[in-house]
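Quick note, the sequences are listed as chains A and B, same order.
Just so you know, we're using my numbering here: the first sequence kicks off at 1189 and counts up by one.
Just so you know, we're using my numbering here: the second sequence kicks off at 447 and counts up by one.
The beta-carbon is built from N, C-alpha and C at its ideal position, and this holds for glycine as well.
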Amino acid sequence: MSMVRHRWERAFRLSFYGMLASACIVLGYTEHVLLPESAVVAALVLVALIWLYFKEGRWAVLSIPAANTVGLGVGIVALGWMGWRLGQEWLRPRWVYMDWVSLLVALLGPLAVVLMPVKLLRSHKHIGDYWWLHLLALGTVVLAAAMVDDLIGIVLIGIYATLAVINLRLLHMVRLAGLIAPLPQQPAVPVQMNNSGTCQGLGWARGGFCLLLAGLLAVPVYLVTPPSPLPPVRFGRPRIEVGYAADQMLNLTVTGRLETNRTPLFEVLAVHPDGSPATLPLDLRWRGRELRQYDKGQWSGGTTRLPTILPATDHRSPWQPPQLGPQQLVLTFHLRPNTRSLFLADPVAWRPQQPVPVVSLLPFQRVQPWHWLGDGTFFTDLENAEVYPYRQYWHPAEPPDLSPPFVIVEPDPGPLLRFLTVNPLPRVKDLADQLVQRWIRIGRLPPDTVDPALQRPRRSYHERLARLLCDYLRQEAGLRYSTELRLTRTDIDPVEDFLFHSQAGHCERFATALALLLRSQGIPTQLVLGCKGCEPLATPGHYLVRHEHAHAWVECLIEQYQPAAQAGLRPISRWLSLDPTPDADPAETAPTNAWWQRTGKDVQQWVHDYVLTYTPEQRQQSLAALGRIVRGMLPWLAVAVLLIGLMALLRRYNQTRVVRPLSPASPGHRCYELLATGQTMGIVLTPGETLAAWAQRLATHLEGSPLGQPYADVPRLWIDSYYAERFGGHCLSDQHWNDLRHRLQQLQNLLRRYPDLRGPG
Amino acid sequence: MSGIDTAASELPCRRGRWRLSHVGWVWFGLALIIGVVGWWKSFPVVLMLSYTMVGLLLVQVPGLWRRQAGWGAQLMSIPPLFAGERFAVKILVDNRSRLTGRCLVDLENEQGTTLLRWYLEGVPAQQQRWLTGMLALPRRGRYHLRVCIRESDAFGWFERYTSGNDQVVVVLPALGHIDVPALQQWLERQAGNGEIPLQHGMRRLVTEPVDVRGIRSYRPGDPWRAIHWRSTARRRRLMVKEYDAAYLPPLLLTLVPPSQPFSSSHVEKWEAALSFATTLAYYWPQSSHVPLLLVVVRQSGPPLILSIAPSGWGVRQALVPLADPESSTAADLPRFYSQIPGRWLHLLLATDAATMDPASLPLTMPGQLVVPLQLEKLPWWYTPAVLSVTLPGTERSTTTLQAQP
């Protein structure tokens, strides 16, 4: 039995220390981005745990007062560090996305981790100490779980959970077996372990199995849990998601990894004028808003407007749907809640003297047409316009990427357009000039591209130059598309860092670089934020656009797209949409041949979609899928229930057919003689009464008489012996039974001589 | 006669219900708090952790259902014991469920204090196990012992208590030691010395001729009256007659308790008196083959009369009323006492001699020899080691656990 105890103790200690170590590792891994020192603390605690595992009980334990003193010292140091950290945050805010409460909770992580070895240093640990350590580890892991945002972190949490479950089983076992001291206020009772010979295992596999079953139960419940009304709290590393932010500036100084955000933005229904579903190109762009002012890595809307143009649309009432051409489509937009922006298919198509192509759909089949702003854009002054669906009449551009032609009628468009040619980066202009010179040299641009007086390309070559610059960025510049946003140098403008140092970035950096290159050559350019692409839904004609479709591109004004129709008039202008962003990084999207790589990617994607960025729509889809599965399995479930019921009935029937053992009333029964003697004394075995209880009654009756007292132990001895044989597997000797029978005969003789001994018959 | 002889009905049990233990409630509460925080603040992994914790609770339920039949326990009968006597406790435990199980078996007294504890691990379904342990109860009295089985799931979150049978264990006063030959000699002197005027019957009793077994050489200490002069002259050395054991009179021991209120010294003396009576009853009749009557005077009610058979057979059973003299049922005077009243040697042991009036003692016949005893002056009486008096409710039986072979 001591071997069994030793084995249990060893397994318990191993799993206990393993559980604590895994909790440290989890916290260190998940919190090291937010608090780099937490990784160092976790590593030190890990070393301490390993050392304590081998040394505990032999040397490295302190008395309770000494351990408390150490704990107090550690706590003071930790509080000092927390105070220093909070002071640093107060003076130089770094975690602006976190409130003070969240920050304080995050700082508690290293403190909880450090308390673990301090607690282990105490000598004479009792069950309460182990429970406290479990609680510390659980709290640490919960904090880490709030910060985790990748698969590795989740796997580490899973390892902790497995070890914790195994250790909880062992903790209960060793507690019952008395291997751990009880709470101080409870008396310690020595426990004897029964060597059954079939001692169960330590429960490693069972613990893991329990956890697996619990996880399988938890997953469907999690999938159908409704979302919280509060916005998600970002606890860990700053999370940069691909998404459309309607009310924020564009900031190119943000670094980190771009995470996918599959939250839907809006839904589009595309139909032909006759009502039949239409097919949209899956790379269609949807424009949201324009940004015109760039300064130190940030884009903002700017305060200026675009020049007035002609021809205009017809805004006579009542409004009628415009006629844009034979390939006209009708796009109906349904925005999701909290989408505080309006989107239109790009480029927006309109025709002179045709009604505005965009209307809001109000209740009771009313429509409210949008307003022509005079510069080729449309707006609505409807209060909370995002709440109502709206409809756009759209025609693919011919040629593509070009707006409808117009003429600038602004008396003096110079200052307005000059605002769109501001480039604060001389180095970008130098690059653009070098590129122009090179293209002239190699014949891509005509020799007279540059106006010698203005030292800028002539307007007639603006479109060609713009397309060349766009192609340059997309294909020739050696720039790489990446969702890992890095700044190699923080002392220069992000665009300069992007073009000349890091040479990797996402659509915003590409678009900004092209915009500044174009502006440096005097081409009025603005940045457009919106979305690119859409996802077809099951219903034909229905498309879904998500946050992950957010995109940025550039729109430049080609002032001399075509010569003026008449002398004295301004030339025909058009807005040209340019998208310099290349396709995603091949290294990131290259198909993986190894099955384990593919599986790993799939698992990562699943974890990201269903655990880390679980959206209400996914929840609805999961519910629907769950419903389909249950409906499909209903017949099989019914069959399974029937089969189980039949098997249970059969088993019960078999059990009732077991042959009953011999009744005590039978002469062959071991207790027959005793029972017969008792019957003569009037002590009869009643229905449901056990033999032991009957023997006790008989003994009590005998004890009541001085003559019977010497024989009062006979019934008890007889029944005990019977039990020992019947249930205990003991084989008693014939001599033993003969002795008992001899004494029983003496009792019977006594009964014959003294009938008074008999009880009430 | 009736009764179904099946294992299930043999071992009694009063099964409780499965319920969440304290640990289970704490676990559930933690899961709830973590879940609320995780959901409210939209921490998906924290929420999953909470669901997994609750799932672990629910996963135990099927196992509880399969263990519905539970355990049964039977505490084997324990004969009357002497205070401080180590005895083996035997319990038969039966796993009636359909799963291999573990449980904690406690032997408790009526105050709920655990006297012995066993931990059974890995008992297969429908199997029984014997549990043994050694126990010693230091105080006389009647103890209600019961077996309590505590089952739990693998983590200790659910628990159920099952009670086995109760049993009343009678603990007699502590057993000391009596030097029987010395007692014999002492009795002979009491009956035949010159200090106490002998009654005529008693003199005839002790001077009744006994059989001469034979002649042997003189040993220092032999009475000179036993010298056989003829053999001495023949063999030219002192020879004495060797007699059979003198006739020993039957003994009547009367115990007189102290008057109320009891002081601690009175209690101690009273316990010593009871212990003496027990020891005398245990040793004397079986070695002397003379009957012994014990009479315990009670404050209220008739005296307690205990008759110890000459063979000493069933002495423990006979002494059971001494475990609790005040509340034991009085028995009738045995017939053989009245047949030979004058032949009894009446020993009197009073804890409070000042109030003792021999004439008022029960069963005292006129002319009967009454010998007052003072325990501290008896050379043949050895006080038992376990004679400390402890206040009720604070005793803790000395337990010695022995591994089952």
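In its own chain, which residues sit with a C-beta less than 6 Å from the C-beta of residue i, not counting the 5 before and 5 after it?
i                : result
P1751 of chain A : P1759
L1308 of chain A : L1240
L1717 of chain A : G1476, R1477, A1740
Given this structure, state the Cα-to-Cα distance separating residue i from residue j, to the nearest angstrom.
i                : j                : result
L1704 of chain A : P1499 of chain A : 30 Å
P1370 of chain A : N1256 of chain A : 20 Å
E1219 of chain A : I1345 of chain A : 13 Å
L765 of chain B  : M1191 of chain A : 45 Å
F601 of chain B  : P1414 of chain A : 31 Å
R683 of chain B  : G660 of chain B  : 16 Å
L1303 of chain A : V1221 of chain A : 22 Å
L1945 of chain A : D625 of chain B  : 36 Å
R1941 of chain A : S733 of chain B  : 27 Å
E688 of chain B  : A1881 of chain A : 55 Å
M1207 of chain A : A1349 of chain A : 8 Å
I479 of chain B  : G501 of chain B  : 15 Å
P1331 of chain A : F604 of chain B  : The residue you asked about is not Pro; residue 1331 of chain A is Leu in the sequence shown. About 28 Å.
R1786 of chain A : D1685 of chain A : 34 Å
P1510 of chain A : H1694 of chain A : 37 Å
D1534 of chain A : C1719 of chain A : 10 Å
A1568 of chain A : L1530 of chain A : The amino acid occupying residue 1568 of chain A in the given sequence is Thr; Ala does not appear at that position. Going from the Cα of T1568 of chain A to the Cα of L1530 of chain A covers about 10 Å.
Q1808 of chain A : P1823 of chain A : 24 Å
W464 of chain B  : G509 of chain B  : 11 Å
R1626 of chain A : D1337 of chain A : 47 Å
Y1318 of chain A : H1194 of chain A : 18 Å
G610 of chain B  : G518 of chain B  : 6 Å
F1521 of chain A : H1460 of chain A : 15 Å
Looking at the unbroken alpha helix (DSSP H) that takes in residue i, where does it start and where does it end?
i                : result
E1455 of chain A : Here E1455 of chain A belongs to no alpha helix (DSSP H); instead the beta strand (DSSP E) covers 1452-1459.
R1931 of chain A : 1922-1941
R682 of chain B  : Where R682 of chain B is concerned, there is no enclosing alpha helix (DSSP H), given that its DSSP letter is neither H nor E.
T1350 of chain A : 1339-1364
List the whole-angstrom C-beta distance separating residue i from residue j, where the pair is believed to meet the contact cut-off of C-beta under 8 Å.
i                : j                : result
G516 of chain B  : S543 of chain B  : 6 Å
I1975 of chain A : V1597 of chain A : In the structure as shown, chain A starts at 1189 and stops at 1949, and residue 1975 of chain A therefore has no counterpart that could be examined.
I1680 of chain A : T1609 of chain A : Contact flag wrong, Cβ pair sits at about 22 Å.
P1305 of chain A : L1237 of chain A : 6 Å
L750 of chain B  : S774 of chain B  : 6 Å
Q574 of chain B  : D540 of chain B  : 5 Å
D1589 of chain A : S1765 of chain A : 5 Å
G587 of chain B  : W827 of chain B  : At roughly 23 Å, the Cβ-Cβ gap does not stay under 8 Å, so G587 of chain B and W827 of chain B are not in contact.
L1519 of chain A : V1456 of chain A : 5 Å
Per DSSP, which residues does residue i bridge with? Please list them.
i                : result
K823 of chain B  : Paired residue(s): none; K823 of chain B is not in a bridge.
V614 of chain B  : B:H590
M522 of chain B  : According to DSSP, M522 of chain B bridges with nothing at all.
V1483 of chain A : In the sequence on display, residue 1483 of chain A carries Asp and not Val. A:Q1486.
F1242 of chain A : For F1242 of chain A, which the question treats as bridged, DSSP gives no partner whatsoever.
Any heavy atom of the ligand PLP within a distance shorter than 7 Å of the CB on residue i?
i                : result
R1524 of chain A : Among the ligands in the structure shown, none appear at all, so the ligand PLP cannot be discussed.
Between which two residues does the beta strand (DSSP E) holding residue i run?
i                : result
P1766 of chain A : According to the sequence shown, residue 1766 of chain A is Leu rather than Pro. Its beta strand (DSSP E) spans residues 1760-1766.
H792 of chain B  : 791-796
G547 of chain B  : 547-554
Q573 of chain B  : 573-582
R1579 of chain A : 1578-1582
D1534 of chain A : 1532-1534
T700 of chain B  : 697-702
K487 of chain B  : Looking at the DSSP string, K487 of chain B is not in any beta strand (DSSP E), and its letter there is neither H nor E.
F1607 of chain A : Here F1607 of chain A belongs to no beta strand (DSSP E); instead the alpha helix (DSSP H) covers 1602-1607.
Starting from the beta carbon of residue i, find every residue of chain D whose beta carbon is closer than 7 Å, and list them in chain order.
i                : result
Y1410 of chain A : No chain D appears in the structure shown, which is made up of the protein chains A and B.
Excluding five sequence neighbours on each side, which residues of the same chain lie with their C-beta closer than 8 Å to the C-beta of residue i?
i                : result
Q1663 of chain A : P1770
G1490 of chain A : L1479, R1480, Q1481, F1607
What residues in its chain sit with their C-beta under 7 Å from that of residue i, if we drop five residues either side in the sequence?
i               : result
E841 of chain B : Bear in mind that the predicted position of E841 of chain B carries a pLDDT of just 40, short of 50, making it unreliable; the figure below should be weighed with that in mind. Cβ neighbours of E841 of chain B beyond the five flanking positions: P584, R585.
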